[in-house]
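Quick note, in the numbering used here, the sequence shown goes up one by one and the last residue is 666.
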Amino acid sequence: MFLGLAMLLAACSGNSAPANAQAQDQPAGALVPPTSATDFTASQLDQVIAGDWRAPDHKARDVYRHPKGTLQFFGIRPDLTVVEITPGGGWYTEILAPLLRNNGHYIAATAKPAVDGEASRDLTALKAKFAADPAHYGKAQLVEFDPKAPSFGPAASADMVLTFRNVHNWVEADTAPAMFKAFYAVLRPGGVLGVEDHRATDNASLDAVKDSGYLPTNVVIKLATDAGFRLQESSEINANPKDTKDYPKGVWTLPPTLTLGEQDRAKYQAIGESDRMTLRFVKPDAAAAAPSSH
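Have a look at this one:
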């Protein structure tokens with residue numbers, strides 16, 4: 373799995389030449405290529421986030437979505453097999469698919485669409501994006517799933533499952549437990565589930581907020597742990613303390629949707645995008661967790 377990345381790191385490190393030769397040939401003050409998987413990943417993320425294939429309106433939202441820090445928190449690497457659940461308009465697809473193209477595998481899992489509707493439009497647009505730019509999306513894979521009986525690929529075939537601002541939709545549709553069980557099934561032991569979603573106020577009840585687009589953090593954690601996951605860590609990288617979470621049209625009052633149109637537009641633009649939980653779960657490795665027989 374890690375051979376491609378290891379070879380690249382070796383090349384970056386200049387391991388083909390003796391150490392003394394490197395010291396003699398290295399001019400003073402010259403840039404030293406990255407020599408660790410962390411440095412290599414950071415460099416690759418910088419390149420794809422700056423990519424000219426990304427839609428300008430998508431790039432404009434980096435200030436709210438912190439893609440580099442978010443993906444680093446989840447533990448992304450260019451050699452992983454990553455399933456993104458319901459990528460919508462492809463905001464993260466534009467980053468993940470090129471990042472994983474050469475040494476990993478990007479899979480976009482989309483709900484089987486009705487004859488018409490948002491899911492159908494998103495799927496059509498994603499297919500067109502892939503077809504129009506094979507240099508960046510030529511190795512990306514599309515998988516369609518039934519939300520009531522989801523499956524995202526062979527058991528234990530993925531290193532990471534990521535989903536951004538989707539859990540509230542599944543909670544409202546009462547498909548969330550099945551989705552989390554399917555995440556668990558497709559991940560290998562030790563694999564990571566990364567979840568980002570709109571965060572409700574502390575101690576908010578699900579019944580009170582589920583139509584607003586916001587979710588209590590404990591509800592999301594319970595969905596994951598009920599499916600077998602263990603919470604590893606949470607991050608405040610996508611927190612927004614300006615978000616009061618009490619808007620007439622729920623989270624869709626804020627950018628980028630701005631459901632109220634011109635009404636108080638400047639006010640909501642000044643708030644920015646929603647306050648979000650960012651959670652990293654792991655599928656326990658049974659062998660590692662088993663007590664030693666020695």
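For every residue, glycine included, the Cβ atom is placed at its ideal position computed from N, Cα and C.
Query: Short Cβ contact (8 Å threshold) for S529 with V558; Result: yes
Query: Cβ contact check for the stretch 447-459 and the stretch 424-437: 3 or more pairs under 8 Å; Result: no
Query: Straight-line Cα distance separating P620 from D546; Result: 24 Å
Query: For K639, the nearest candidate out of T616, R648 and D657 (CA to CA); Result: T616
Query: Unbroken alpha helix (DSSP H) run spanning A503, endpoints; Result: E490 to A504
Query: For Q513, the residue or residues it bridges with in DSSP; Result: I479
Query: CA-to-CA distance, S415 to N575, given in whole angstroms; Result: 40 Å
Query: Own chain partners of T482 with C-beta closer than 6 Å, once the 5 adjacent residues on each side are dropped; Result: L495 and E516
Query: Spatial distance of W542 from F555 (CA atoms); Result: 13 Å
Query: Rounded straight-line distance, which links the Cα of E634 to that of P526; Result: 47 Å
Query: Neighbourhood of F601 by C-beta, 7 Å cutoff - its chain only, sequence neighbours within 5 removed; Result: Y556, L565, F653, V654 and K655
Query: Nonlocal neighbours in the same chain, by C-beta distance under 8 Å from L417, ignoring five residues either side; Result: P439, K440, L443, Q444, I448, I467 and L471
Query: Beta-bridge pairing of H570 - partner residues as DSSP gives them; Result: R648
Query: Of the listed residues V592, V623, R537 and M532, nearest to P561 (C-alpha basis); Result: M532
Query: Residue burial classification, S408 (beta-carbon count within 10 angstroms, cutoff 16); Result: exposed
Query: Candidates L626, P627, E456 and L603: closest to F523 by CA position; Result: As written in the sequence, residue 523 is Ser, which differs from the Phe given in the question. Nearest of L626, P627, E456 and L603 to S523, Cα basis: E456.
Query: Burial state of V435, where buried means 16 or more other Cβ atoms lie within 10 Å; Result: exposed
Query: Where P549 sits in the DSSP three-state scheme; Result: helix
Query: Selection from L498, R537, A580 and N475 that minimises the alpha carbon distance to P485; Result: L498
Query: Close-in-space but distant-in-sequence residues of the same chain around F502 (CB under 6 Å, 5 per side omitted); Result: Y509 and A512
Query: Residue nearest to D636 in terms of C-alpha spacing, selected from T625, E645 and R437; Result: T625
Query: Beta-carbon spacing of V539, L603 below 8 Å; Result: no
Query: Beta-carbon proximity of L534 to V454, cut-off 8 Å; Result: yes
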